[in-house]
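Peer 1: One structure is given below, represented as structure tokens, and several questions about it will come after.
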Amino acid sequence: MKTYRLQQLADVTEGHILKDIMPGDYLTYGGLAFERPGARAHTNDGPGGIDYHVHEDCEAFLILQGKGEVEINKAHNYPVKTGDVVIIEPGEDHHLISSLEDPIVVVWCHAGATRNKNQID
Numbered sequence: 001m002k003t004y005r006l007q008q009l010a011d012v013t014e015g016h017i018l019k020d021i022m023p024g025d026y027l028t029y030g031g032l033a034f035e036r037p038g039a040r041a042h043t044n045d046g047p048g049g050i051d052y053h054v055h056e057d058c059e060a061f062l063i064l065q066g067k068g069e070v071e072i073n074k075a076h077n078y079p080v081k082t083g084d085v086v087i088i089e090p091g092e093d094h095h096l097i098s099s100l101e102d103p104i105v106v107v108w109c110h111a112g113a114t115r116n117k118n119q120i121d
């Protein structure tokens, strides 16, 4: 896991805003999530309902509002807050935990070598 602040991102006019901190020429998929107070994302997502969530590529979380923690490999919890950018490395089991008092709003995304299928004719 790597962490940054939004103001550390490069001022880019080509490519995507995360190109200097995660591999991939294009943002390939992602979304906006409004997490419930105290929610732990990806709980029991693994095969057969096991509590395991990993990717073969990097995933970025941009914390737009709120605070919470990122749990990595069930061993470490790292605090996050509005303005943080978190890069999850390939193979890291990860779970975003939203605070009870100030729930997280997050943009999550992956990058890759080709554009999203909706951007290709």
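Heads up: the sequence shown at position 17 corresponds to 17 in the UniProt record's numbering, and the numbers run straight through without jumps.
No residue lacks a Cβ here, since even glycine has one placed at the ideal position from N, Cα and C.
1. Between GLY66 and ILE104, which are expected to be in contact by the criterion C-beta below 8 Å, what is the C-beta distance as a whole number of angstroms?
2. In this structure, does DSSP put GLY49 in helix, strand or coil?
3. Tell me which residues share the same chain as ILE17 and place their Cβ nearer than 8 Å to its Cβ, disregarding the 5 neighbours each side in the sequence.
4. Going by the beta-carbon positions, is the gap between ALA111 and MET22 smaller than 8 Å?
5. Do ILE63 and VAL12 count as a contact pair if the criterion is CB distance below 8 Å?
6. Let me make sure I understand the geometry here. Which of ILE120, ASP121 and ARG115 has the alpha-carbon closest to that of GLY24?
7. Taking the alpha-carbon positions, what's the ASP92 to PHE34 distance?
8. Quick one: what's ILE104 bridged to in DSSP?
Peer 2: A quick look at the data gives this:
1. 4 Å
2. helix
3. LEU9 and ALA10
4. yes
5. no
6. ARG115
7. First, the amino acid is wrong: residue 92 is Glu here, not Asp. Between GLU92 and PHE34, the C-alpha separation is close to 22 Å.
8. The partner list for ILE104 (beta bridge, DSSP) is empty, contrary to what the question assumes.
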